[in-house]
Structures are given as C-alpha cells and as structure tokens.
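The structure under discussion appears below in the form of structure tokens.
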Amino acid sequence: MIHALVCLPEVDAISIAQSAIQQFGIPRALLESEISANYYGNARRLLAKADGLSESVPEISARLLFESEGLTFRRQVKIRGVGRVDFLIGRWLIVEVNGYAFHSSREAWRKDMARLNAAQARGFDLLSFAPEQIWNNPEQVMDEIRAVLALHDEQR
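Residue numbering for the sequence shown follows the numbering used here, starting at 155 and increasing by one per position.
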C-alpha cells in the first residue's frame, strides 16, 4: 500500500488507497502512521485525497481533472427528485461519469433516462461522460464543460 502511494501515478495511488480503506477495512490511521516521516509528504497528500466520496476510478480521474483545471464543484450531491449526482458545478450543471456497466440492463437505462428528465425539468443541465472520454480526451471534456458554462453565462 505504501509503495502504491509513493510510486504510482496520482489516480492509481488514490484509487488503491480508497479501495484499501473502504473495501478492505484498513484503518486510515494505520496508513497515516506508516507515512508519517517527512519524506512521505506526497504520499500523505495522496492519502488525504482518498476521501471516499468518489465511487469509482473514473470519478477519481474526473475529480483530478476538474481540480487541475480550477473548476469549483461538489461531489455526490443529493438533488431532490433527481437523486445523487457525481458532480455539481455551480448550482445547475450536473456532470455524470458512467461506465458501460452502469447501463447493464434495460431497467438501469430507463432509470437513468428518468433521472435525466427530472434534472432537466428542475432547470439543471447535464453532461455525461464515459470513462474513456475522461482518460483519453480530457481536453474535449473540459471544452464541453466550459461551453455549457459559457452558454449559461450568456443567457443570464
């Protein structure tokens, strides 16, 4: 675990730390005690980012992308009538990161369509990205987010 925090790329290190804490029950305090020396500063920073709010590696990747681009956002926000959303930028832009498994059945697909419609009916805009878009084309992801934000600003 310590090796992961020291040697792996940021998203991988955070994902492994979060999995160790949430799925395998390793106490955060134990991990923190193992990286208390001064030369583990970056490892401590990465462990602090393993906060349990992101529900998947793609969400962690999106979070890191948004942070690196200076976006202000909240994660895992509950919206009445819509449910919990991955990211809320400002008060009105929902960003979801959904893998193929998310729509593994017709019923899951129908539920997602109902959520989309409920969000639209309540005045939210929604962008949805596949993990591959976050990983392979982050510039396009950010361009689309910025375009929606700019359009909203123009309409005000």
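Glycine included, every Cβ here is placed at the ideal spot set by N, Cα and C.
Hey, would you say residue i sits closer than 8 Å to residue j, going by beta carbons?
| i | j | result |
| --- | --- | --- |
| V249 | R238 | no |
| V165 | S215 | yes |
| A272 | G235 | yes |
So, is residue i buried or exposed, given that buried needs 16 or more other C-beta atoms within 10 angstroms?
| i | result |
| --- | --- |
| D240 | buried |
| E286 | exposed |
| P181 | exposed |
| G305 | Rather than Gly, the amino acid found at residue 305 in this sequence is Leu. L305 should be labelled exposed. |
| R264 | exposed |
| F178 | exposed |
| R260 | exposed |
| I288 | buried |
Can you tell me where the alpha helix (DSSP H) holding residue i begins and where it ends?
| i | result |
| --- | --- |
| D266 | 260-275 |
| I156 | 156-161 |
| A131 | No answer is possible for residue 131: the residues shown for the chain start at 155 and end at 310. |
Considering just the uninterrupted stretch of the beta strand (DSSP E) at residue i, what are its terminal residues?
| i | result |
| --- | --- |
| R248 | The sequence shown places Ile at residue 248, not Arg. Its beta strand (DSSP E) spans residues 247-251. |
Spell out a yes or no on whether the stretch 180-189 and the stretch 212-226 are touching, meaning 3 or more CB-CB pairs, one atom from each, closer than 8 Å. no
Which full runs of the alpha helix (DSSP H) of 4+ residues lie inside the stretch 184-242, going along the chain? 195-203, 211-222
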